Amino acid sequence: MITLELVPDLAQQDLPCRIEPLDPEPGSSFSQCQRIIRSQDGAWLAEARQSHSPDWSVQFFQGKSDFCAIISNKRLRVLLLPGARFESPDTQVVMAPSSAPAHVPATDTTHLPLPNPKPQDSVQTVTCQAMILGAGIASRFEPFSGDTTGYSKPSVPLVGQDSVIATIAKHLQAHGMTDILINTYYRPDQLKAQLA
């Protein structure tokens, strides 16, 4: 398994960049490796290694405020932000947190073991929000719902006795959404009464 590590530095944005080739690790399936180094006064401020294998491609780039990475194969594309981690059978990508101290030279971490994650001391509850657009007049629902002139679009009954809005809300709730907002325009009082 090859490890790719990125050490970002937020204080330096527009620095000269040089690219130098690296030899792949013995026994790895990577055909190319290269190191991208941004430097100022000869000190390494950020380092990224980009490698390609027959199955996976790992590319590092610098966005508006930080380095990011894209890991992709024929079926999957993953965007990693600082502090994230990605593993596959032959690839492991570790993104260093963006809170790394500024002006500290990057070190060669090729042969260092990966840090063990610390167990969580407590359970953290995360509130997920979703917004449903409920502003339509439902004129295009006529073939399915009969006379819809008295309905706003989210009030149209489609699935059994459930309306469009109730069906969408149940689906979001089943996927962990705990706070659902509804953006209304046409007949908001009717929709509010229906959901009360």
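Residues in the sequence shown are numbered consecutively from 1033, following the numbering used here.
Heads up, the beta-carbon is just placed ideally off N, CA and C, and yes, glycines get one too.
Everything numeric in this text was worked out from a predicted model, so none of it was measured.
Pair within 7 Å by beta-carbon distance, residue i and residue j
i     : j     : result
S1162 : L1204 : According to the sequence shown, residue 1162 is Ala rather than Ser. Cβ distance < 7 Å, so A1162 and L1204 count as in contact.
I1212 : A1201 : yes
Start and end residues, alpha helix (DSSP H) containing residue i
i     : result
A1167 : Per DSSP, A1167 belongs to no alpha helix (DSSP H) and is neither H nor E.
H1203 : V1196 to A1206
A1225 : P1220 to L1227
Span of the beta strand (DSSP E), counted from its first residue to its last, around residue i
i     : result
T1216 : D1211 to T1216
Nearest residue (CA-CA) to residue i, options the options
i     : options                       : result
A1167 : A1225, N1215 and D1221        : N1215
A1249 : T1210, I1164, S1184 and M1209 : In the structure displayed, the chain extends from 1033 to 1228; residue 1249 sits before or after that span and is not available.
I1164 : G1192, M1209 and P1189        : M1209
C1160 : P1186, L1227, S1195 and A1206 : A1206
Bridge partner(s) assigned by DSSP for residue i
i     : result
P1189 : S1195
Residue i Cβ short of 6 Å to the ligand FMN heavy atom set
i     : result
A1167 : The ligand FMN is not part of this structure, which contains no ligands at all.
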